[in-house]
Amino acid sequence: MTGEVVLRTSGLVKRFGALTAVDGLDLEVRRGEVVGLLGPNGAGKSTTIGMVLGLVRPTAGRAEVMGLDVATHRQEALAAVGAMLEVTTFYPYLSGRDNLAAIAILRGRGAQGRIDALLERLGLAQRARSKFRTYSLGMRQRLGVASTLLADPAVVILDEPANGLDPAGQREIRELIRELAQEDR
């Protein structure tokens, strides 16, 4: 691809005592590319995502998003990022729609106006007013993806988006990721 670089890591290292979780990762992701981090449990995939999002401080190296160093310009760098971490938490007593509305308040920039379209796109419109606690695992994962898209991000980072889903749910998530890539996210 020839699109602009939206995410770059250079010599990224994370050590926890004697354990090296990430060892000198050099990665470049261009707009519209889909990149997956593969490896066994404990291989450093979530740690890498944490460093890219500025949630985990690297031992060495750097992470850049949209050309900005996450360590020194975190807020500006991550303004263009929508991220779903491995564990996504919602209010169980609120509906899926109300959970998104609460998150949209924090996202600003027209996020409230995207809620209904996202619920429709992710197949949640019929159950939008149902309490989150009644959602199946697949519905919860899709709501997590919807929350990452509220601010119309240029970069989407999903940590274990198909975790715990049945084969049909995994296919749905893969198809959604392909659609996002076609939109140059």
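Per our numbering, the sequence shown starts with residue 656, numbered consecutively. Built from N, CA and C at the ideal position, the CB exists for glycine as well.
Which listed residue (the options) has its alpha carbon closest to that of residue i
| i | options | result |
| --- | --- | --- |
| LEU733 | GLU827, PRO808, GLN825 and LEU820 | PRO808 |
| GLY666 | ASP771, ALA718 and ILE770 | ALA718 |
| THR714 | VAL677, LEU813 and TYR746 | VAL677 |
| THR675 | LEU682, LEU792 and ALA698 | ALA698 |
| LEU692 | ASP821, ILE832, LEU835 and ASP814 | ASP814 |
| VAL810 | MET706, ALA780 and ALA836 | ALA836 |
| GLU683 | MET794, THR664, LEU820 and GLY672 | THR664 |
| ILE704 | LYS669, GLU688, ARG685 and GLY687 | LYS669 |
| ALA756 | ILE812, GLN730 and LEU804 | LEU804 |
| GLY793 | VAL660, ARG829 and GLY722 | ARG829 |
| ASP681 | LEU820, VAL742, THR743 and VAL707 | VAL707 |
| VAL661 | ARG685, ALA673, TYR790 and GLY672 | ARG685 |
| GLU834 | SER791, GLY687 and GLY679 | GLY687 |
Three-state secondary structure assigned by DSSP to residue i
| i | result |
| --- | --- |
| ALA801 | helix |
| THR675 | strand |
| LEU779 | coil |
| GLY666 | strand |
| GLY793 | helix |
| GLY658 | coil |
| LEU680 | strand |
| ALA738 | strand |
| LEU831 | helix |
| LEU749 | coil |
| LEU820 | coil |
| SER785 | coil |
With 16 other Cβ atoms within 10 Å as the buried cut-off, status of residue i
| i | result |
| --- | --- |
| TYR746 | exposed |
| MET656 | Unreliable placement is indicated for MET656, whose pLDDT of 47 sits below 50; the coordinate value is still reported in the next sentence. By the neighbour-count rule (16 or more Cβ atoms within 10 Å), MET656 is not buried but exposed. |
| GLU838 | exposed |
| PRO822 | exposed |
| VAL720 | buried |
| ILE760 | exposed |
| GLY737 | buried |
| GLN796 | buried |
| PRO695 | exposed |
* In the stretch 684-733, which residue ranges form an unbroken beta strand (DSSP E) of at least 3 residues, counting only runs that do not cross its ends? -> Counting only runs of 3 or more residues that sit fully inside the stretch 684-733, the beta strand (DSSP E) segments are 715-720, in chain order.
* To do: Mind the definition here: the stretch 771-783 touches the stretch 797-811 only if three or more C-beta pairs lie below 8 Å; say whether that holds.
  => Result yes; three or more Cβ-Cβ pairs closer than 8 Å.
* the stretch 747-763 contacting the stretch 780-798, beta-carbon criterion three pairs below 8 Å -> Using a C-beta cut-off of 8 Å, the stretch 747-763 makes contact with the stretch 780-798, since at least three inter-stretch Cβ pairs fall below that distance.
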